[in-house]
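For the sequence shown, position 190 (counting from the first letter as 1) is numbered 189 according to numbering that gives the first Met the number 0, and the numbering increases by one without interruption. Remarks on the structure that follows.
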Amino acid sequence: MKGLITLILLCVSTISYAAEQAEEIFKKLAPSLYQIRLIDTASGEKSSIGSGFQISSDGLIATNYHVISGFARHPNKYTIEIFDHQGNKAPLTLQSVDVINDLALVKRTVDSEMPFFEIANAVPHKGEELYSLGNPHDLGMIVVPGTYNGLKKESFNDRIHFTGSVNSGMSGGPVVNKNSEVVGINVATSGNQIGFLVPHDKLRNLYESYKKSPPDSIEEQMAAQLANNQEKLVSTLLNSEWLMRPLGEGLVPTVNIPFIRCWGESNADKNDAIVLAVVANCSLDENTFLSSSFFTGSVEMEFRYMQAKELSDTKFYQIFERQLTQVMPGNKAGKDDVSEFQCQHDIVTSSNQTITSKAAFCTRAYKDFPKLFDVIYIAISVDKGDQALLSHFTISGITQSSALSFTEKFMESVTWK
């Protein structure tokens, strides 16, 4: 009993210390912590809110890109302003963005030097106590303690796994260590005390790049970042190990890489099924936010083996057409963002003559980023009367050269046993 009482007292003491530490940090940093507001020009009302924090004495403020994305995409429709801990407002100008890491730099006009957050030089150690600051649900500035759990393993672009309540409205706020140094930026939550942060080195890189050479155009900056990221992603996929695995009587590839997740399903338990269907799906479990109606950066591959007592050429064609109408890229995009899909149809045979398929290759162009495309490839075998092997992939925000390289490898990786 004595040991239990000692443990309870120790826990209470630890919690009390954490609360005192959080309060001390908040009081010290509150003058450099802001609510970021996106204002609809026509109505004069808030369209969205987030958090931000000052990172230089001359008024430069860091936040999430998604907090100010409306202005970045439609600067004539919105304005940006800050709301400080004393209730004062001030207009902001957008200076630079890192759309891949969901970061942005905005700036206020200042008459004299102001206090600001220091960016840490070192990475936290696993289990280290951190403090997330922000403005959740427009209720005022708060500080939330949590724990550093390292980088998320199943992620192409680095994200910190943070055990703490990153609530809505805290996006763009800083996460600091006990020395009040920024070690991460709030970006997302998965609920149940699971949050994700942008590592502080991404912010440091954006800040250093801005100081060296501020971008001439936010749109051009975004276009270059999107293209570079997809080039890096596709190159990583193509240079990774592609493992061949059976799917019915076919062989299909699995990319042996942590951030590509695969799932399987079949109707093998349905005795009355006219067609046996076995499905494998692999995808990238993340994307890049451009606006609330426009996402990019997705990758998906799906393979479907079908078998029946008799499948005529007509039946094959009907299945193919039905699948083609159901396949769409894994991103949201509206008519103002992308063109209509343009498709080429052909009969294709693999270089080793192991499978012949009817295929379609479809692309649509990004209107504001003219070198980027969404791509769909879908093929269904036509060389076996009672079996069909259907394969497709979708990639969003890809360059023409990367799309062709990926298509070639994908086509050659699907075959019969």
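Yeah, the Cβ is synthetic: ideal placement off N, Cα and C, and Gly gets one too.
Return the first residue and the last residue of the beta strand (DSSP E) that residue i is part of.
i           : result
residue 227 : No beta strand (DSSP E) contains residue 227, which is instead part of the alpha helix (DSSP H) from 217–238.
residue 165 : No beta strand (DSSP E) holds residue 165; DSSP gives it neither H nor E.
residue 43  : First-last for residue 43: undefined, no H or E at that position.
residue 279 : 275–283
residue 301 : 298–306
residue 264 : 259–265
residue 345 : 341–348
residue 145 : 141–150
residue 244 : 241–246
residue 155 : Segment: none, residue 155 is in no beta strand (DSSP E) and carries neither H nor E.
residue 249 : 249–254
Does residue i pass the burial test, meaning 16 or more other C-beta atoms within 10 Å, or should it be called exposed?
i           : result
residue 135 : buried
residue 317 : exposed
residue 261 : exposed
residue 149 : exposed
residue 401 : buried
residue 245 : exposed
residue 273 : exposed
residue 40  : exposed
residue 114 : exposed
residue 3   : Unreliable placement is indicated for residue 3, whose pLDDT of 43 sits below 50; the coordinate value is still reported in the next sentence. Label assigned to residue 3: exposed.
residue 287 : buried
residue 283 : buried
residue 6   : For residue 6, the pLDDT reaches just 38, beneath the cut-off of 50, and the residue's location in the model is therefore unreliable, leaving the point undetermined.
residue 44  : exposed
residue 171 : buried
residue 416 : exposed
residue 390 : buried
residue 299 : buried
residue 50  : buried
residue 321 : exposed
residue 16  : Any reading at residue 16 needs caution, since the residue's pLDDT is 46, under 50, leaving its predicted position unreliable; the model's value is listed next. It is exposed - the Cβ of residue 16 has fewer than 16 other Cβ atoms within 10 Å.
residue 407 : exposed
residue 281 : buried
Just tell me which of the options has its CA closest to the CA of residue i.
i           : options              : result
residue 35  : 95, 104, 206 and 354 : 104
residue 352 : 370, 380 and 207     : 380
residue 167 : 140, 376 and 388     : 140
residue 47  : 111, 53 and 169      : 169
residue 117 : 74, 126, 173 and 62  : 173
residue 31  : 53, 42, 250 and 159  : 53
residue 121 : 342, 250 and 199     : 199
residue 392 : 216, 326 and 404     : 326
Tell me, please, whether the CB atom of residue i is closer than 8 Å to any CB atom in chain C?
i           : result
residue 214 : No chain C is present in this structure, which holds just one protein chain.
Check for me: the alpha helix (DSSP H) holding residue i runs from which residue to which?
i           : result
residue 69  : 64–72
residue 210 : 199–211
residue 402 : 399–411
I want to know whether the region 173–185 touches the region 204–224 - three or more CB-CB distances under 8 Å.
no
Going along the chain, which unbroken runs of the beta strand (DSSP E) with 3 or more residues stay wholly within the region 354–391?
355–364 and 372–380
Do three or more CB pairs link the region 242–258 to the region 327–344 at distances below 8 Å?
Short answer: they don't touch.
Are the region 97–115 and the region 64–73 touching by the rule of at least three beta carbon pairs closer than 8 Å?
yes
Check whether the region 223–234 touches the region 85–100, taking contact to mean three or more Cβ pairs, one atom from each stretch, closer than 8 Å.
yes
Is it true that the region 275–285 meets the region 299–306, where meeting means three or more beta-carbon pairs spaced less than 8 Å apart?
yes
The region 364–375 in contact with the region 396–415 per 3-pair CB rule at 8 Å
yes
Taking three-plus beta-carbon pairs below 8 Å as touching, is the region 156–173 in contact with the region 75–95?
no
Extract the residue ranges of the alpha helix (DSSP H) inside the region 82–132, only unbroken runs of 4 or more that lie entirely within it.
none
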